[in-house]
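Undergrad:
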Amino acid sequence: MADEEKTENNGQQAEKSGGGKKLLIIGLLAGIIVGGGIGAGAFFMLGSSPEEHVEEEVVEHEPEPEKVKELFFVRMEKFTVPLMYKGRVLRYVVMDLNLQVDGNEEKLLVVQSLPIIRDALLRDVSEHTIGSPDNPNVIDFEGFTDRVTRIGNEIMHEKLIKKTLVVEARGY
């Protein structure tokens, strides 16, 4: 008997919960329809009407100054260079270089060409010493950075690399 009462109660609860779900769905649909109608009405009513003609004032703006491009740096890490004198290697120098470029697009182009630039630099430093003409044991940093910039720009076929910076140099 107790089982029969439980079965009847479960049946009544199932009927009640189904009606609540229907009302919820109907309410949501009605809300969406009313909200959409109000939004559409506001869109058409508040839009510009072709009958009104408003004269626009012409305001002369001062020309904006040219934006200065941001400086970006392309890192060349662990670039090993032989320090030579009269065709003989005195020692090896490991350098970390930064190539300065003007914009992000230029940086991407230089990064893509970096293996070719490294190859050309290695070929150049194998033929020409990086030592100072006065003292071959001392690195001519100014001459070396100018060569790196020149060779990099020759590889790129345009002047993308503005300056080369030697961040670190270690001799072995």
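Going letter by letter, the sequence shown gives residues 0 to 171 in numbering that gives the first Met the number 0.
For each residue, glycine too, the CB sits at the ideal point set by N, CA and C.
(1) Answer yes or no: do Val73 and Val124 have a C-beta to C-beta separation smaller than 8 Å?
(2) To the nearest angstrom, how far is the alpha carbon of Arg117 from that of Thr128?
(3) Please work out which residues of its chain come closer than 6 Å, Cβ to Cβ, to Pro81, disregarding the five sequence neighbours upstream and downstream, and give them in chain order.
(4) Among Thr144, Glu76, Pro135, which residue has its Cα nearest to the Cα of Gly86?
(5) Residues in the same chain with beta-carbon distance under 6 Å from Gly170, minus the five sequence neighbours each way, listed in chain order, please.
(6) Suppose you measure from the CA of Arg122 to the CA of Thr79; what does that come to, to the nearest Å?
TA: Quick answer:
(1) no
(2) 16 Å
(3) Val88, Tyr91
(4) Pro135
(5) Arg90, Val92
(6) 12 Å
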